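Quick notes on the structure that follows.
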Amino acid sequence: MSDDTRQRALNRQALTATTFVEIVDTLVDDFDVIDVLTVLTSRSVELLEAAAAGILLADGDGHLRVIGASTEQVQLLELFQIQNDEGPCLDCFNTGNVVLNASLDASSPWPQFAAESARAGFPSVCAVPLRLKDAILGCLNLFMSEPVLLSDAEVALAQALADVASIAIVQDQATREAAIREGHLQHALTSRIAIEQAKGMIAERGRVDMDDAFSRLRAYARNNNRGLTEVAESLVAGTVDVDSITHVRRPPPPPTARQR
Amino acid sequence: MNAEQSTRIAVAFAREAAKSPRSGLCAAVVDVLAVSGAGITVMGDGQAGPVCVSSRRMAELEDLQFTMGEGPCQDAFRSGRPVHAPSFDLSVIARWPSFVDQAQECGVGAVFAYPLAANGVKIGVLTLYQDDEGELSAAQHDDSMALVEVLTETVLSLQDAAPEGALAAGLEDAVTYRAEIHQASGMVSIQLGIPATEALLRIRAYAFANDQPVGNVAADIVARRLRLTDDRHEPGEGG
Numbered sequence: 046m047s048d049d050t051r052q053r054a055l056n057r058q059a060l061t062a063t064t065f066v067e068i069v070d071t072l073v074d075d076f077d078v079i080d081v082l083t084v085l086t087s088r089s090v091e092l093l094e095a096a097a098a099g100i101l102l103a104d105g106d107g108h109l110r111v112i113g114a115s116t117e118q119v120q121l122l123e124l125f126q127i128q129n130d131e132g133p134c135l136d137c138f139n140t141g142n143v144v145l146n147a148s149l150d151a152s153s154p155w156p157q158f159a160a161e162s163a164r165a166g167f168p169s170v171c172a173v174p175l176r177l178k179d180a181i182l183g184c185l186n187l188f189m190s191e192p193v194l195l196s197d198a199e200v201a202l203a204q205a206l207a208d209v210a211s212i213a214i215v216q217d218q219a220t221r222e223a224a225i226r227e228g229h230l231q232h233a234l235t236s237r238i239a240i241e242q243a244k245g246m247i248a249e250r251g252r253v254d255m256d257d258a259f260s261r262l263r264a265y266a267r268n269n270n271r272g273l274t275e276v277a278e279s280l281v282a283g284t285v286d287v288d289s290i291t292h293v294r295r296p297p298p299p300p301t302a303r304q305r
Numbered sequence: 010m011n012a013e014q015s016t017r018i019a020v021a022f023a024r025e026a027a028k029s030p031r032s033g034l035c036a037a038v039v040d041v042l043a044v045s046g047a048g049i050t051v052m053g054d055g056q057a058g059p060v061c062v063s064s065r066r067m068a069e070l071e072d073l074q075f076t077m078g079e080g081p082c083q084d085a086f087r088s089g090r091p092v093h094a095p096s097f098d099l100s101v102i103a104r105w106p107s108f109v110d111q112a113q114e115c116g117v118g119a120v121f122a123y124p125l126a127a128n129g130v131k132i133g134v135l136t137l138y139q140d141d142e143g144e145l146s147a148a149q150h151d152d153s154m155a156l157v158e159v160l161t162e163t164v165l166s167l168q169d170a171a172p173e174g175a176l177a178a179g180l181e182d183a184v185t186y187r188a189e190i191h192q193a194s195g196m197v198s199i200q201l202g203i204p205a206t207e208a209l210l211r212i213r214a215y216a217f218a219n220d221q222p223v224g225n226v227a228a229d230i231v232a233r234r235l236r237l238t239d240d241r242h243e244p245g246e247g248g
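The listed protein sequences correspond, in order, to chains A and B. Each residue of the first sequence is one higher than the last, beginning at 46 in my numbering. Each residue of the second sequence is one higher than the last, beginning at 10 in my numbering.
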């Protein structure tokens, strides 16, 4: 191995290690998934000596979307594949397999994309799936400015980077979903508590019992075309006057009084 | 924690919970973990309520933590980490004096609290009670960590099924159990002209000063047998 080659190998090892540390560093509690993917695209370009990189992700309906690209040109190329429904990235996403060193000449299985990519200065492309267990989330695409061949080791490295990105994406989705569900639970809890507090406030002001207080609260909500919980919360927050609810005009009681 | 263990605990839990859907989650926890008692509390905004307890004894201890605002449950929720008190040594007594008093009276020798948390959110606490002093076994601890994930998902799924904005039927107990306390807070807030959350603190303080359970004080307020007085006014004057 020449000194120059050895030095390049060492540099790449160091950069590989730094990249993984950098990505793990971004995976803290409040990480931004776009941040992680931006780091991933720019480092894949450096590590694998690609000219550019892009990431496609499937949305909830299974449609691919461009999520990150190291250059504007690649962004357009990725969109081109989605719009024309052909290209190495789509094949990679549909099969879950690496599309390796596809040379984009006349013999390419994607004639329209090959022409477009060659025009943009990328005669070769490699697509690696973003996967978690059996699920394919999207793919990482590397665009080469020369018809170079990535070695097995380089493809393995690209896959390792893609796997880290997949973890980040799945974790981000789980965190978002959990936060939404927790929000619903907390809101339901505080609303329910607010109704009890509101009953107490009306009962005290109007010198009535809790059932009567509740029916006044409900009558006020109906008369004003507002939700029961919302009125209770406003009362507790002090944005609705307790007297206006306590002295609400109520319809005559129904024949069978409903107990709460 | 590995996936295999989570699955094993989930299955054991589901089997136990299905046996007695009425007494519900806590009975299943006690059986799966082989502990003396358990309580599951849903918490939010400092307001909390037990969804279930495995026995009357545990209900008192869970209630006391709410009354005093102190105990393993609060500490676990605040820190987001498990809190272990394998015996009530001096440091534990210093941290939760009232809780330890009551726990010893109830014949409890050790307590362990695990936050109900998953994917960055906290929704409550699982508290385990042991009659005898001593640490949980490593297996019990690992199983508890797995069970906490299952319980968190169970509580969130219960709520998912509820109409928007309404509290799920299975979680209603967390509020109705303390309905009188919230009603009393509303009454005191009018009497003293203070926000309901502050009124709750006043009720707690009164209960503590008079050595009464907060539930009894609330019941007296709701029945108008008791009226809290404003320090700034003569006794009996309301706001």
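Just so you know, even glycine gets a beta-carbon here, dropped at the ideal spot from N, CA and C. Bear in mind that the values here come from a model prediction, so they are computed numbers and not experimental data.
For the pair B/S88 and A/V78, the Cα-to-Cα distance works out to about 26 Å.
From the listed residues A/L101, A/R267, A/A163, the smallest Cα separation to A/D136 is found for A/L101. Within the same chain, Cβ atoms closer than 8 Å to the Cβ of A/E67 are found at V84, R88, the five residues on either side in sequence being excluded. In the DSSP annotation of this structure, the continuous segment of the beta strand (DSSP E) that includes B/A126 starts and ends at 119-127. For B/K131, DSSP records a beta bridge to B/A126. Cβ-Cβ distances below 7 Å link B/F108 to L73, Q74, M77, E79, G80 in the same chain, with the five nearest sequence neighbours on each side left out; the list follows chain order. DSSP links A/L185 through a beta bridge to A/I100, A/V173. Only residues of its own chain outside the window of five on either side were considered, and among them Q157 have a CB closer than 6 Å to the CB of A/N129, listed in chain order. Comparing C-alpha distances from B/E144 to each of B/A94, B/V130, B/T161 shows the shortest one belongs to B/A94.
Proximity of A/R271 to chain B, defined by a Cβ-Cβ separation below 9 Å, is not satisfied.
For B/S194, the residues of chain A that pass the 7 Å Cβ criterion are Q242, G245, in the order they occur in the chain. Assigned with DSSP and collapsed to three states, B/P59 falls in strand.
Using a CB distance cut-off of 9 Å, A/L234 counts as an interface residue toward chain B.
A straight-line Cα-Cα distance of about 47 Å links A/T63 and B/A103.
Every unbroken stretch of the alpha helix (DSSP H) spanning 4 or more residues and falling wholly within the segment 132-183 of chain B is given here in chain order: 147-169. Among the CB atoms of chain A, one or more fall inside 9 Å of the CB of B/H191.
Within its own chain, the residues whose Cβ lies closer than 6 Å to the Cβ of A/V209, once the five positions on either side in sequence are excluded, are I68, listed in chain order.
Uninterrupted beta strand (DSSP E) stretches at least 3 residues long and entirely within the segment 69-114 of chain B occur at 92-94, given in chain order.
The C-alpha of B/L176 lies about 56 Å from the C-alpha of A/P154.
Note: A/L109 is bridge-paired with A/A103 in the DSSP secondary-structure output.
Chain-order list of chain A residues neighbouring B/G53: L230, Q231, L234, T235, by C-beta distance under 8 Å. Contact between the segment 215-235 of chain B and the segment 182-199 of chain B is established, with three or more Cβ pairs separated by less than 8 Å.
As the crow flies, the alpha-carbon of B/P172 is around 22 Å from that of A/Q242. Taking the beta carbon of A/T220 as reference, the chain B residues within 9 Å of it are N128, G129, V130, listed in sequence order. Around the beta carbon of A/K244, 16 or more other beta carbons lie within 10 angstroms, which makes this residue buried. Closest option to A/R221, judged by alpha-carbon separation, among A/R51, A/L60, A/F76, A/N56: A/F76. The beta carbon of B/S63 does not come within 9 Å of any beta carbon belonging to chain A, so the residue lies off that interface. Sorting B/F86, B/I212, B/K131, B/I230 by C-alpha distance to the C-alpha of A/M255 places B/I230 at the top.
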